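Presented below is the structure to which this report refers.
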Amino acid sequence: MTAPIPRDIPDLPALPGGPGLLPSPVPATAVVTPVRRPVTAVFRLLTAAAAATAVTMELVLGSPAQVLSQFTIQSSILLTLVMTVSARRAWTARRPLPSALTGAALLYVVIGALVHHTLVANPSSPFTTPPSPTGWHAVTDQVLNTAIPIAALTNWLLLTAAGHLHLRQAAPWLLYPLAYLTFSLLRGELLLPGTPNRYLYAFLDVDEHGYKSVLANALLLGLAFYTLAVLLVTLDHIRPNPVHHRTKTGFRLGPPVG
Numbered sequence: 002m003t004a005p006i007p008r009d010i011p012d013l014p015a016l017p018g019g020p021g022l023l024p025s026p027v028p029a030t031a032v033v034t035p036v037r038r039p040v041t042a043v044f045r046l047l048t049a050a051a052a053a054t055a056v057t058m059e060l061v062l063g064s065p066a067q068v069l070s071q072f073t074i075q076s077s078i079l080l081t082l083v084m085t086v087s088a089r090r091a092w093t094a095r096r097p098l099p100s101a102l103t104g105a106a107l108l109y110v111v112i113g114a115l116v117h118h119t120l121v122a123n124p125s126s127p128f129t130t131p132p133s134p135t136g137w138h139a140v141t142d143q144v145l146n147t148a149i150p151i152a153a154l155t156n157w158l159l160l161t162a163a164g165h166l167h168l169r170q171a172a173p174w175l176l177y178p179l180a181y182l183t184f185s186l187l188r189g190e191l192l193l194p195g196t197p198n199r200y201l202y203a204f205l206d207v208d209e210h211g212y213k214s215v216l217a218n219a220l221l222l223g224l225a226f227y228t229l230a231v232l233l234v235t236l237d238h239i240r241p242n243p244v245h246h247r248t249k250t251g252f253r254l255g256p257p258v259g
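Counting in the numbering used here, the sequence shown runs from 2 upward without gaps.
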């Protein structure tokens, strides 16, 4: 007769010098097959080139210090960098940039476009900035405030995977507009009274409206910007996903035997 098998077997100590866990021999590419996206890369590169050209023309036509102080210019420079890197990654089938960065770049150019068309260039707005640009300034104005934001939205809706933006990113995205508000007010304080374009936006003109009204305007705009950020996140999770990656398990099921 054999001895009965005990119900509880005590834990055995690990053998000293035993082999550790070995890394998995299956690479990541065996799970998700990298896919080159040349059409996406070309579109993003053209968008970056258009934005860079418009910014360069503004720098040549105007005062570089004043041009670089504008929110639209700064957000367009950020979008140019993001689109350039994203184009390279789409062309080489590499991992896309973090959604926190791409979402911020999209939000800022959309903010610039909405502020321009509803407050700055709207004749019925109390904060309109006369006179209207002419010549090449009019061309770059339309490119930066209309064409580039539309291209950024098109890239997001049609060429970017859905569901990557998160609500927790909305509040941090507002840090840059808050920093720009601080910069704009400090810039106005440092420039001498009577300096042309001391305040680049009429709704931030302390000389004209006073700090109380300016800060109230900034608060309302901040709430609007946060609402816009939440809207982008919401749309990102309900829109169709235009990007589909092929998965690869490394084996195929054969026909049944017998």
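C-beta atoms are modelled at their ideal positions from N, C-alpha and C, and glycine is treated no differently. Being a predicted model, the structure only gives us computed values, none of them experimental.
key: Residues near residue 58 in its chain [Cβ-Cβ closer than 7 Å; skip 5 each side]   = 137, 141
task = Could you tell me if residue 32 is buried or exposed, where buried requires 16 or more neighbouring beta carbons within 10 angstroms of its beta carbon?
result = With a pLDDT of 49 at residue 32, under the threshold of 50, the modelled position of this residue cannot be trusted; read the value that follows with caution. By the neighbour-count rule (16 or more Cβ atoms within 10 Å), residue 32 is not buried but exposed.
query = From what residue to what residue does the alpha helix (DSSP H) around residue 220 run?
reply = 207–239
request  = Out of 197, 168, 81, point me to the one whose CA is closest to residue 228's CA.
outcome  = 168
inquiry  = For residue 161 and residue 69, what's the separation of their Cα atoms in angstroms?
reply    = 29 Å
key: Nonlocal neighbours in the same chain, by C-beta distance under 6 Å from residue 121, ignoring five residues either side   = 130
query = If you count every other CB in all the chains shown that lies within 10 Å of the CB of residue 170, and 16 or more means buried, which is it?
reply = buried
key: Environment of residue 105 [buried if 16+ CB atoms lie within 10 Å]   = buried
inquiry  = Suppose only complete runs of 4+ residues qualify. What are the alpha helix (DSSP H) ranges in the stretch 142–199, listed by chain order?
reply    = 149–160, 171–174, 176–191
query = What is the DSSP secondary structure of residue 121, reduced to helix, strand or coil?
reply = helix
query = So what does DSSP say about residue 64, is it helix, strand or coil?
reply = coil
key: Segment limits, alpha helix (DSSP H) that includes residue 136   = Run containing residue 136: none; DSSP gives neither H nor E here.
Endpoints, the alpha helix (DSSP H) within which residue 100 is located = 100–116
inquiry  = Between residue 49 and residue 88, how many whole angstroms is the CB-CB distance? I'm expecting something under 8 Å.
reply    = 7 Å
query = Nearest CA to the CA of residue 143: which residue from 200, 51, 195?
reply = 51
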